[in-house]
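Enquirer:
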Amino acid sequence: MPLHDPQIPPDAITTPTAVAEATEDCKPREISKPSKSSFVLSLSDQDELIYKKVLDLLAEHLGSKDAAISWLKSSGTGYPGTALEAIQQGHANLVLVDLETQWGLGPSYA
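The letter at position 109 of the sequence shown is residue 109 when you use this note's numbering, and the numbering goes up by one with no holes.
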């Protein structure tokens with residue numbers, strides 16, 4: 001016989017359906033990659049090269065290009081918006097210098 005706890009409302013008890021729905025909400029979503037036509041083409045030639053260096057450095061440090069792109073799109077990385085926005089606004093070199101300052105030119109953690 002189940003115990004009754006007055007502090008737990010009856011509607012708080014989960015059913016297998018509720019658990020399945022909650023689990024579906026927690027599945028990772030596909031990370032959209034910036035398309036070359038909309039993002040990279042908007043960069044100057046120099047910023048495009050720097051962006052590729054930033055992406056490679058992040059992928060090496062974080063383990064994958066998807067993780068690197070996710071980081072670039074994240075807020076709270078030390079930039080007013082996102083690092084990707086900083087690159088798009090012409091500050092690609094600052095992002096690269098920032099990462100190299102934190103991790104060095106040739107990271108030894110790999």
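No residue lacks a Cβ here, since even glycine has one placed at the ideal position from N, Cα and C. These numbers were taken from a predicted model, which means no experiment stands behind them.
My understanding is that residue 92 touches residue 47, with C-beta atoms under 8 Å, so please give their C-beta distance in whole angstroms.
Expert: About 4 Å; that satisfies the 8 Å criterion.
Enquirer: Is residue 41 buried or exposed, if buried means 16 or more other CB atoms sit within 10 Å of its CB?
Expert: That one is exposed.
Enquirer: Looking at the structure shown, is residue 1 part of a helix, part of a strand, or coil, going by DSSP?
Expert: Residue confidence for residue 1 is low, a pLDDT of 46 falling below 50, so the modelled location carries little weight and cannot support an answer.
Enquirer: Can you pull the DSSP bridge partners for residue 75?
Expert: DSSP lists 82 as partners of residue 75.
Enquirer: Pull up the distance between the alpha-carbon of residue 79 and that of residue 63, whole angstroms please.
Expert: Answer to the nearest angstrom: the Cα atoms are 22 Å apart.
Enquirer: Could you please give the first and the last residue of the uninterrupted alpha helix (DSSP H) stretch that includes residue 50?
Expert: Its alpha helix (DSSP H) spans residues 45-62.
Enquirer: Below 8 Å between beta carbons: does that hold for residue 54 and residue 94?
Expert: No; because the gap between Cβ atoms is not below 8 Å, this pair is not in contact.
Enquirer: Does the distance from the C-beta atom of residue 68 to that of residue 84 stay below 8 Å?
Expert: Their beta carbons are not under 8 Å apart, which means residue 68 does not touch residue 84 by this criterion.
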